[in-house]
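**Student:** My questions will all concern the structure given below.
Residue numbers (this note's numbering), protein chains in the order written: chain A, 1 to 383; chain B, 1001 to 1383; chain C, 2001 to 2383; chain D, 3001 to 3383.
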């Protein structure tokens, strides 16, 4: 009898936002069971979190090191198989490294590490261990984003000419970090977030989305980062001109001070023969634009899709809206499937059941370094 | 140490649509564990389903009777506590009755029974046993629908004057039931669906939504049901004029032959001082209309909400779209909470953590009988 | 050298809403010149209106009778050729009759007359004189409505099964007529508006739109009219079940108490093979729904249109929004063209340059009588 | 008795797009009468155009010089008072200069001239003559754009931080200019369009819109212009980072190769306390975003507007969509009013009845020179 994939979690205590998201995403499809955790540096908090999650108290650990050590002592059919890392950026690398070196597959929040050096190190470790590493760039999990990727790959739009990717938020329009709000606190702190706030946190999502959907690489950029809120140490807004390896041009902007915006990530792509538009606000629609025909709207679960990628990552019929958690769950579901395949020695179908991996993490960290460099020097830089 | 609520399932074998939906809804919040099932009348199918769900093979049962009997023999801290019923309409009453009479709480798909007589019987049994009974009228689970309900209750719009509730689908535009499609097959069969197809399946959702949000009761109606697809035995479309107990007037229509529509349930309500509009397609928005001020758009997770009902049933911050599965999960989550409260002898907070119950099921069956009567006689009838 | 068509106007003094709309609509295409008017029963007001319109003071008339008499004395190449009637309902019939009997073509606001008897009389006079009579059911002037009509006529959607036509407004949610607002004043007054307020004023637009686009006739209806605002003498809201001559079913509702709605006329039509949706709010789009293909959006001025009717009634390229005045202007432009053709003895192309005529007016008045009868008797009636 | 303002037109022959637009815009409000024209370099064409416009044949002129000379010979109360210039860019300066120097007011299409030198020259002439000069940057004519301007001016959003202005079109995605299409032909020809195609034609609209609404000036920019269609001599796409005089940052992009886009000009502006969003596609709505309150939607003709500018430039009640021609007409109407005021020696109210003037033209030409310079050097430049 097969079992669910057993998972341990690093980070994600009671008042963390993203830890709960990871757990719901892991739950939806019933493929993964959370069995243990080191949820907080405060052990009492970890114990309380474990209790609310109905975990065996003996598997609430004082630290990720203790968790990895403790779980290794359990029988193979009980011990955790994968580690989910949901801590702030500066606490990704060490637990990921230790987990991989001890034979555990890893699924990690983005951006992958604190800086590019760590990302490159981690890439080596992943390659050496041959284990599965997933990075939760959520937006790649949306069925209509997968459809967009395969439509472009099919050549339907001809050569891609222009890409506009946006990620405006407004939640840091004021000095929220001084109010004790934890999410704002670490993201604006250079010792925990790294050299960028806005670009590291959500600019990397935009960069990943643009490269994922187009299949292209950004090769040059010119960035204009700003810190609008007084006293803040890192950027809270950034506008970037981008150029791609095929000659396409584009714009990427991300913001945490676009007052009134929620989490409005969106992308538009234009090729020689047509284009497409997707926005998270209406994530179940993908607008297809034609040169000389009326626009069409593809829909999650709807007719006329170009490959199996979208339907294979859809749960309910068209018109029953799926959302953010389902997109997130697609990463967990596909990661779990890849882990099963790995354990059985089978090849995983990365075309239909894909998820972002370590190399996407490295691209993201390179992007952050380059936008900061370009903006500080006021020049175009190569990436 | 507390445990998850242990659930058994009746129906929901491999190719059923709604069984998988119930399971995902039950999974999301990590409050419920599926422990057993009688998924199909075909035992082999049940066993295969159990396997894909990682269940203990000994808890895959040949029938719901066997499941109830078998589980009762297990120790209290192992046996299932609740039964989820996801079979076609004609197979709701019997398992619900047996489960309740054996001390198991029940969560049941809609419409609650095959006919009004059964619904009234079941209502008696629920009252006699004092157990928790939840009916999965999904649309009441949306945060913005809960907000709508409490805004109206607060008197913000004054006396309600007009209600328009719509539920158009297009999937039965052709004779799909002759193709072997299981969903179409039983819904168009009077021996399994009851006296109505369209009105029973989705008209009841519309009726429930209108009464839930307004807090009013339909007292009179004039219906015009149609069967547009040749050879079909039950209605596939219906238009209904409605009158409410406070003097409000309205329109309810539902359709399975609105070619090109997916699952476009929506509602508009107008009072003396303003109104509101909600549609499932954009379920995270609730448009508030004012007499002499610009319209506003309330958002799931956003500012300006009027009660705790919406935020308490929201999982992620504004701008991270929630959808159908999360609305469904709110019913399961609140049901699980009510079961826990029941077991601890605590009063459940039905204002904040509400879910549809047996009386909503009775209203639905009464509605179905009345629309069929009105339409066949071509007259207004009292409800 | 050709001249513009010379027009006289009855009604439309300074504080009238619809008179100014007619004049702008007549102006846009430069085909018509306003040369005279009897704008008000108050001659001073008429003189002032004439002055602001840069008219020759000698052609500001004390009454429509004086205008018709006065203009007839002018040389043929100076006198007005057509009369535009923009008075309240009870003042349509008499000036229209007199104008036609004196050889002037007529363009008249809707509903065509005060009651059905007048409408039938007027129909006779139009036929007898052989002159051009246009009725300003504005919504038929929208390019995308014309496209909808010809798509349905082409058989693209197969047999039509269901029609939903809505016309909600909120401006009469309060007792506005007691404030001296002129538009509210006459519309709610049975001596000037006739037997219906809401159904006469905008219900007739909805009825006309449904019959225009589908090419079908309503044959039976069941109406539920209401007067929600205390002290009001006529209906301010109405819901109607409708049946068409081909077996299609539908819903028509109109309201002046849908608080917060502006002027939200819209229509949805479903056939065996697909359907369409149009709303005035987004008048330049026509959503085409298919059974097994993604929806498409046709656009004013855009590609993929099915006949010359839409492009021939479009002024600017796709993406330059046209609106209400342009739709209205299409009626004036096509009326002017028909008048020219009539004067030259040429056949007018009513397929491409159509406008509503007297028979649409008769249908509207019949509709008003029937909805009032059905509602007062609480029964279905034949139309 | 007052007369309409008498207008002559330079350019705008039969197959010109923008000439007809100018005429319809001038017609709508009945304030202006077209009395003469030099519509084409081909006199026969001019004569035919004059005939279709019902002009006196003696006032169809062979050239703009002839028109100015001819009209000057007519009595004051007959001769044209204003000249409308609707020729390609290289033919703006000379007729504008001659008209102004002969005492005629001028309304001119954009961009104002062929290059910056001409623009600065023309600015001098306008100042010297003291005559009225209007530039048809259409988008400033939309009521909701005027509302946006005055909301920002009122300080409602605090200091402005970020501006995103976009103008994507797709009509030049292919080599349309080689097909004989006249609009494509001259716009892609450096001898008629100037140093830029996309940025001159529509980038200037975007620049004007951003400066108009914010009341700010662009002070620095970094542009990336492209020519995607082979054989084309000028840019057909451009992305620009912008910085404003108050420290705000922004993005401006315009494109003629965004395949499938129609004419999708839009703007978003964010300040310390909120923001706004407007798009031409839905020109009658202005979305107001707040930091801690639900978004609101202001509407043309609707409640809650902040100044007289929007209502004074609106013709019909809320819900009767106005569009591109009405926005264009607002420029003509306000220009006509300014001309009347000028002739009467009255001060014109530029707050309520504003229109773009020569200085906006100069800014546009400066913008074009600077984006071309920045892009060719691959650096930030000051503006």
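Where is the CB? At the ideal position from N, CA and C, for every residue including glycine.
Taking residue 1137/B as the reference, give the member of 1250/B, 1095/B and 1212/B with the closest Cα.
**Tutor:** Checked all of 1250/B, 1095/B and 1212/B; the closest Cα to residue 1137/B is 1212/B.
**Student:** Taking the alpha helix (DSSP H) that residue 1205/B belongs to, which residues open and close that run?
**Tutor:** 1204-1214
**Student:** Would you be able to state if there are at least three C-beta pairs under 8 Å between the segment 2353-2365 of chain C and the segment 3350-3362 of chain D?
**Tutor:** no
**Student:** With residue 1183/B as the anchor, note down where its beta strand (DSSP E) starts and where it stops.
**Tutor:** No beta strand (DSSP E) holds residue 1183/B; the alpha helix (DSSP H) holding it covers 1182-1187.
**Student:** Listed in chain order, which residues of the segment 292-308 of chain A have Cβ atoms closer than 8 Å to some Cβ of chain C?
**Tutor:** 292, 293, 294, 295, 296, 297, 298, 299, 302, 303 and 304
**Student:** Along the chain, which unbroken stretches of the alpha helix (DSSP H) at least 4 residues long are found entirely within the segment 2054-2108 of chain C?
**Tutor:** 2064-2072 and 2093-2101
**Student:** Quick test of your reading: residue 61/A and residue 98/A, contact by CB under 8 Å. State the CB separation rounded to the nearest angstrom.
**Tutor:** Not quite, the Cβ-Cβ distance comes to about 13 Å (not below 8 Å), so this is no contact.
**Student:** List the DSSP bridge partners of residue 134/A.
**Tutor:** 107/A
**Student:** Taking a contact to mean a Cβ-Cβ separation below 8 Å, would you say residue 3288/D touches residue 3274/D in this structure?
**Tutor:** yes
**Student:** Where do the ends of the beta strand (DSSP E) carrying residue 279/A lie?
**Tutor:** The continuous beta strand (DSSP E) containing residue 279/A extends over residues 274-279.
**Student:** Hey, how far is the Cα of residue 1328/B from the Cα of residue 1134/B?
**Tutor:** Taking the straight line joining both Cα atoms gives about 12 Å.
**Student:** Nearest CA to the CA of residue 376/A: which residue from 185/A, 76/A, 128/A and 223/A?
**Tutor:** 223/A
**Student:** From the DSSP output, read off the bridge partner residues of residue 2383/C.
**Tutor:** Paired residue(s): none; residue 2383/C is not in a bridge.
**Student:** Only counting runs of 4 or more residues, tell me where the alpha helix (DSSP H) segments fall wholly within the segment 3312-3371 of chain D, in order along the chain.
**Tutor:** Counting only runs of 4 or more residues that sit fully inside the segment 3312-3371 of chain D, the alpha helix (DSSP H) segments are 3324-3344, in chain order.
**Student:** Shortest alpha-carbon distance to residue 1315/B belongs to which of 31/A, 56/A, 209/A and 325/A?
**Tutor:** 325/A
**Student:** Please work out which residues of its chain come closer than 8 Å, Cβ to Cβ, to residue 246/A, disregarding the five sequence neighbours upstream and downstream, and give them in chain order.
**Tutor:** 159, 160 and 216
**Student:** Roughly how many angstroms separate the alpha carbons of residue 1006/B and residue 1042/B, rounded to a whole number?
**Tutor:** 24 Å
**Student:** Would a check of beta-carbon distances place residue 2115/C closer than 8 Å to chain B?
**Tutor:** Residue 2115/C does not count as touching chain B.
**Student:** Check whether the segment 2013-2028 of chain C touches the segment 2038-2053 of chain C, counting contact only when three or more Cβ pairs, one atom from each stretch, lie closer than 8 Å.
**Tutor:** yes
**Student:** What residues in the segment 3249-3263 of chain D have a beta carbon less than 9 Å from any beta carbon of chain A?
**Tutor:** For the segment 3249-3263 of chain D, which is checked against every Cβ of chain A, the residues closer than 9 Å are 3249, 3250, 3251, 3253, 3255, 3257, 3258, 3259, 3260 and 3261.
**Student:** Figure out for me which residue from 2309/C, 2109/C and 2187/C has the closest Cα to the Cα of residue 2022/C.
**Tutor:** 2109/C
**Student:** I need the DSSP call for residue 140/A, collapsed to helix, strand or coil.
**Tutor:** helix
**Student:** What residue from 356/A, 345/A, 337/A and 142/A has the CA that sits closest to residue 3/A's CA?
**Tutor:** Checking every option, the nearest Cα to that of residue 3/A belongs to 337/A.
**Student:** Report the rounded CA-to-CA distance for residue 3196/D versus residue 3264/D, giving the unit in angstroms.
**Tutor:** Their backbone Cα atoms lie some 20 Å apart in a straight line.
**Student:** Would a check of beta-carbon distances place residue 3321/D closer than 8 Å to chain C?
**Tutor:** yes
**Student:** Specify the secondary structure class of residue 3294/D as computed by DSSP and reduced to three states.
**Tutor:** coil
**Student:** Using 8 Å as the Cβ pair cut-off and three pairs as the minimum, do the segment 1232-1246 of chain B and the segment 2023-2039 of chain C touch?
**Tutor:** Per the Cβ contact rule, the segment 1232-1246 of chain B is not in contact with the segment 2023-2039 of chain C (fewer than 3 Cβ pairs under 8 Å).
**Student:** What are the start and end residues of the alpha helix (DSSP H) that includes residue 252/A?
**Tutor:** Element bounds for residue 252/A: not the alpha helix (DSSP H) but the beta strand (DSSP E), 249-255.
**Student:** Please state whether the Cβ-Cβ distance between residue 2310/C and residue 2144/C is less than 8 Å.
**Tutor:** yes
**Student:** Just verifying my parser: in three-state terms, what is the DSSP assignment at residue 3046/D?
**Tutor:** helix
**Student:** Rounded to a whole number of angstroms, what is the C-alpha to C-alpha distance between residue 3155/D and residue 202/A?
**Tutor:** 29 Å
**Student:** With 16 as the cutoff for other CB atoms within 10 Å, does residue 226/A come out buried or exposed?
**Tutor:** buried
**Student:** Determine, for residue 3197/D, whether the minimum Cβ-Cβ distance to residues of chain A falls below 8 Å.
**Tutor:** no
**Student:** Here's the rule I'm using: 16 or more other beta-carbon atoms within 10 Å means buried, otherwise exposed. How should residue 3017/D be labelled?
**Tutor:** exposed
**Student:** Run down chain D in chain order and give the residues with a C-beta less than 9 Å from the C-beta of residue 289/A.
**Tutor:** 3170, 3258, 3259, 3260 and 3261
**Student:** Comparing C-alpha positions only, which one of 1164/B, 1191/B and 1198/B sits nearest to residue 1173/B?
**Tutor:** 1198/B
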